[in-house]
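These notes are about the structure you will find just below.
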Amino acid sequence: MALASQKDFFSGLMFTAVGASFAWGATNYEVGEAARMGPGYFPLMLGIILSILGVIITFQSLTKGGPGGDKIGSFAWRPLGFVLGANLSFGALLVGLPSIGVPAFGLIVAIYALVFIASFAQPGVKIKSTLILATILAVGSYLAFVKLLNLQFPVWPAFLTN
Amino acid sequence: MELIENLTLGFGVAFTLQNLLYAFVGCLLGTLIGVLPGIGPVATIAMLLPATYGLPPVAALIMLAGIYYGAQYGGSTTAILVNLPGESSSVVTVIDGYQMARKGRAGPALAAAGLGSFFAGCVGTLIVAAFAPPLTELALNFGPAEYFSLMIVGLIGAVVLASGSLIKALSMILLGLLLGLVGTDVNSGVARFSFDIPELTDGISFIVIAMGVFGYGEIINNLSTPEEHREVFTGKVEGIMPTATDLKNMVPAVLRGTTLGSALGILPGGGALLSAFAAYTIEKKTKLKPGEVPFGQGNIRGVAAPESANNAGSQTSFIPLLTLGIPPNAVMALMVGAMTIHNIQPGPQVMTSNPELFWGLIASMWIGNLMLVILNLPLIGIWIKLLTVPYRWLFPAILLFCAIGVYSTNNNSFDIWMVAIFGFIGYLFIKLGCEPAPLLLGLILGPMMEEYLRRALLISRGDWSVFVTRPLSASLLAIAVLLLIVVLMPSIKKKREEAFVED
């Protein structure tokens, strides 16, 4: 079956699913009544409305849509993976992940990691210019955030400072 | 004239060389930090607050005012240049500001924001001075039912704002409202939707969602289009200052934005934010002049109006703070904190018991505004140079500042993980054609709306008719319904869709 709008079809499904899960989650809390609203009342109400809107969007998408069926298109996994990966490794290296035994490497190492991983989000990585950029950002951030603003960051790897 | 007397008193207190210097330093620091993507006024003030501890009270407040205006303007700068709203009230500035920057008109956009804000700040200061006492009474007439209805108007306004499908924008608002409810319920102390994660009991911060959805989502989407098709920026930058046509378009928009912002700012509860949204909505409803750029594609009015409105709004939001002692937003809450450190208890008594401070503060707000213009108009040239940095170099830097900004607001790596999640969600929204701006508004209003709904229904003993039987509330709801009808009317709907046809 051809959808008139693929984007709307899936966003409707998303809204319905999210609304329903919030509504379902809200029933775990005391709902109460209008005069004495419990913690579950408002989220239950919103969740139900959202899932109804989602259903309407999904149904509309079967008949109404832009030219070409509003195709979602393929996901850009490369930038998605590297951008989010850069972000996650920055966090992991900055403060460490004690649960899986990653020690805190501190700000400087984390910045180099972030810049290097992020640079792979585009084809045609130039190692030298990436290195220069990472160094500029590392020195700049150290001066601005650590020295000037006195923000509390672990700067160097924990096993070197102790 | 009492007004002139009061202002003279205020300026007498604030206008010393030393204080001007503090205002300048505050403004400079505020701008420099606020311009880093992802670090908004709240974070900036929080970072710099300790620097003012050692100063005398008036000097400290003047410096804070400088920091505040600097940071706010810095936030608008990133909104325009890199599509990242540093704070909630510049969410709408992003829409047209970023489009202007992409078309090589970042200079005029920044100048419009700066000049509009300055004008609005001047008017706001006068209004605070003249109307603080009588306007307090109006705000006192607002009960919970009125606040709830007012927020409905604000949210419907946001739907009108969003491009594309109405029903999808409504759904995004609801999604935002629901996300705003994550965290501890103030009434019962129950941690809702927190999955037993301690960090989630404080709720998901605005910064995390704004950065994830707007910043990361946009970066990923930009990177996924091949370099030659990428809609980042056109190479040439046309002029720094607005042209004569720009000015002609700007002036009425600034006037409308200022009026609206001054009026809405008095209402405690996100005055600056609501007024920015409302101002943009009104601009969009006015007819385009022949040859004018449509809204959403870089219309200068879409920058000037919300920027003046949020500045006027943040100025008049001092009225509830100074007269009722209620901080209307997070920044004001920090200001209250700063005042308490200096042994000043904000509230009705300040105006009578400590008039030097009260009027000195109002005068210092204006000085902060003035410094902003003096400092930033020359800096515009430097900011737009930023745009000539190749994207290959720019995006890792933005990612880094986002990560650092997110981490430093709470010193917690949990927020970094959350940004990654919302970055993915933001990319998903782009893929599914869902506009994220309404979501942010819902996110901020969620907890407030629940609270006012709860109070209104508690007072009426569960009777929903309270929203239509109270005249003020009923008229607000009527406005909301009217807005919806207007948007849904076939003729206008068609026009609206035409206006939003993708380029």
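For the record, the sequence lines run as chains L and E. If you read the first sequence in this note's numbering, its first letter stands for residue 1, the second for the next number, and so on. If you read the second sequence in this note's numbering, its first letter stands for residue 1001, the second for the next number, and so on. Each residue gets a CB set at the ideal place from its N, CA and C atoms; glycine is no exception. All values reported here derive from a predicted model rather than from experimental measurement.
Contact with chain E by residue i, beta-carbon distance below 9 Å
| i | result |
| --- | --- |
| L:I49 | yes |
| L:F145 | yes |
| L:P157 | no |
| L:P39 | yes |
| L:A121 | yes |
| L:A4 | no |
| L:I127 | no |
| L:S99 | no |
| L:V115 | yes |
| L:L62 | no |
| L:V18 | yes |
| L:Y142 | no |
| L:P43 | yes |
Residue-chain proximity (residue i, chain L), Cβ-Cβ < 9 Å
| i | result |
| --- | --- |
| E:M1449 | yes |
| E:D1463 | yes |
| E:P1396 | yes |
| E:S1314 | no |
| E:D1185 | yes |
| E:D1503 | With a pLDDT of 35 at E:D1503, under the threshold of 50, the modelled position of this residue cannot be trusted, and the question is left open. |
| E:N1221 | yes |
| E:I1382 | no |
| E:K1168 | yes |
| E:W1393 | yes |
| E:L1443 | no |
| E:Y1068 | no |
Residue i and residue j closer than 9 Å at C-beta
| i | j | result |
| --- | --- | --- |
| E:L1399 | L:V83 | yes |
| E:S1149 | E:L1476 | yes |
| L:G47 | L:G25 | yes |
| E:L1458 | L:M37 | yes |
| E:G1360 | E:V1013 | yes |
| E:E1218 | E:G1426 | yes |
| L:S119 | E:P1056 | no |
| E:G1030 | E:G1054 | no |
| E:E1283 | E:G1313 | no |
| E:C1402 | E:S1171 | no |
| L:F9 | L:L50 | no |
| E:S1275 | E:P1306 | yes |
| L:N87 | L:L114 | yes |
| E:A1071 | E:G1097 | no |
| E:I1515 | E:F1131 | Here chain E has residues from 1001 to 1503 only, and residue 1515 of chain E is not among them. |
| E:L1375 | E:F1119 | no |
Where residue i sits in the DSSP three-state scheme
| i | result |
| --- | --- |
| L:L97 | strand |
| L:A121 | coil |
| L:V102 | strand |
| L:R36 | strand |
| E:G1296 | coil |
| L:A76 | coil |
| L:T135 | helix |
| E:A1191 | strand |
| E:E1228 | A caution first: E:E1228 carries a pLDDT of 49, below 50, which makes its placement in the model unreliable, though a value can still be read off. Helix at E:E1228. |
| E:T1016 | coil |
| E:T1184 | strand |
| L:D8 | helix |
| E:W1383 | helix |
| E:Y1073 | helix |
| E:F1142 | coil |
| E:M1371 | helix |
| E:I1404 | helix |
| L:P157 | coil |
| E:G1197 | Strictly speaking, residue 1197 of chain E in this sequence is Ile, with Gly absent from that position. If DSSP states are grouped into helix, strand and coil, E:I1197 belongs with coil. |
| L:S61 | helix |
| E:L1174 | helix |
| E:Q1345 | coil |
| L:V29 | Reading the sequence as shown, one finds Tyr at residue 29 of chain L and not Val. Looking at L:Y29 - three-state DSSP - the assignment turns out to be coil, as it is neither helix nor strand. |
| L:I48 | helix |
| L:V109 | helix |
Just by C-beta distance, which residues in the segment 85-97 of chain L are closer than 7 Å to chain E? For the segment 85-97 of chain L, which is checked against every Cβ of chain E, the residues closer than 7 Å are A86, N87, L88, F90, G91, L94, V95.
Give, in chain order, every residue of the segment 1417-1436 of chain E whose Cβ lies closer than 7 Å to some Cβ of chain L. Here the close residues are W1417, V1419, A1420, G1423, F1424, Y1427, K1431, L1432, G1433, C1434.
What ranges does the alpha helix (DSSP H) occupy inside the segment 1408-1476 of chain E, keeping only unbroken runs of at least 4 residues that lie completely in it? Along the segment 1408-1476 of chain E, the alpha helix (DSSP H) occurs as fully enclosed runs of 4 or more residues at 1414-1432, 1437-1459, 1466-1469, listed in sequence order.
Mind listing which residues of the segment 1187-1201 of chain E have their C-beta closer than 8 Å to chain L's C-betas, in chain order? Look at the segment 1187-1201 of chain E: the residues with a C-beta under 8 Å from a C-beta of chain L are N1187, S1188, V1190, R1192, F1193.
Segments of 4+ residues assigned as alpha helix (DSSP H) that fall wholly inside the segment 1086-1123 of chain E: Within the segment 1086-1123 of chain E, the complete alpha helix (DSSP H) runs of at least 4 residues are 1091-1102.
Chain L contacts from the segment 1204-1219 of chain E (Cβ-Cβ distance under 7 Å): Residues Y1216, I1219.
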